[in-house]
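Engineer:
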Amino acid sequence: MPNLVLTGFMGTGKTTVGKKLSGKLGMKLVDTDREIERVTGMTVNQIFKKHGEIRFRSEEKAAVKRIAKEDNQVISTGGGVVLDPENTTMLKENGIIICLTASPEVIYERVRRKKNRPLLQTEDPLGTINRLLNERAPFYRCADAVVDTSNRELDEVVGEVIRLFMEHK
Ligand code: S3P
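Just remember that the numbering used here sits 46 ahead of the position in the sequence shown, which is counted from 1.
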């Protein structure tokens with residue numbers, strides 16, 4: 047099987063949907079952020095704080111390079127993976143990209159109590175979400191299919207992702 051790659055903004059459900067998908071499809075689950083943390087021995091927050099975003103992106107690219115070589119995986123990516131077109135190319139070689147979306151308000155509700163997203167630790171997180179969503183819209187369009195997760199049951203979303211994956215594989 048090719049890889050099933052989940053892209054999309056922070057808080058669109060990549061991790062939750064990825065876990066369920068890997069169980070249902072019997073495919074290994076790989077998460078780019080967890081892989082970066084494993085290799086560096088630091089949390090994503092620590093990398094941003096100590097070394098900055100540029101270093102994080104370079105670790106992220108190295109992780110994508112390693113992960114994309116294998117197949118038969120559900121790959122849950124960090125929300126900024128698609129900002130580097132080479133990452134997208136590597137992920138597409140062995141995989142089908144499904145982009146998860148959600149409205150800015152739903153994203154805000156999902157992330158607002160969590161402190162694990164350095165880019166959203168701002169005075170006005172909803173404003174930041176709107177700005178980043180606008181800036182990133184062209185990059186998320188690289189996906190083979192798009193699934194909205196706003197106000198929908200997990201099982202329904204997972205069912206739709208599987209259907210689209212089977213259509214494209
Ligand atoms: C980021 C998203 C995060 C993580 C990092 C940067 C982004 O992953 O990779 O904080 O640039 O959108 P999630 O999308 O899993 O929150």
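From the three backbone atoms N, C-alpha and C, an ideal C-beta is built for every residue, glycine too.
The model shown is predicted, which means the values in this text are computed figures rather than measured ones.
Got a sec? Which residues, its chain only, sit under 6 Å from Ala148 by beta carbon, not counting five neighbours each side?
Structural biologist: Thr58, Thr195 and Ser196
Engineer: By how many angstroms is the C-alpha of Lys60 removed from the C-alpha of Asn140?
Structural biologist: The C-alpha of Lys60 is placed about 19 Å away from the C-alpha of Asn140.
Engineer: Excluding five sequence neighbours on each side, which residues of the same chain lie with their C-beta closer than 8 Å to the C-beta of Ile144?
Structural biologist: Leu50, Val51, Leu52, Thr53, Ala189, Asp190, Ala191, Val192, Val193, Val207, Leu210 and Phe211
Engineer: Given this structure, state the Cα-to-Cα distance separating Leu67 from Phe94, to the nearest angstrom.
Structural biologist: 29 Å
Engineer: With contact counted as at least three CB pairs below 8 Å, one residue from each stretch, are the stretch 117–133 and the stretch 100–108 in contact?
Structural biologist: yes
Engineer: Three-state secondary structure (DSSP) at Ser149?
Structural biologist: Ser149 sits in coil when the DSSP states are folded into three classes, being neither helix nor strand.
Engineer: Would you decide whether Ala183 is buried or exposed? Buried here means 16 or more other CB atoms lie within 10 Å of its CB.
Structural biologist: exposed
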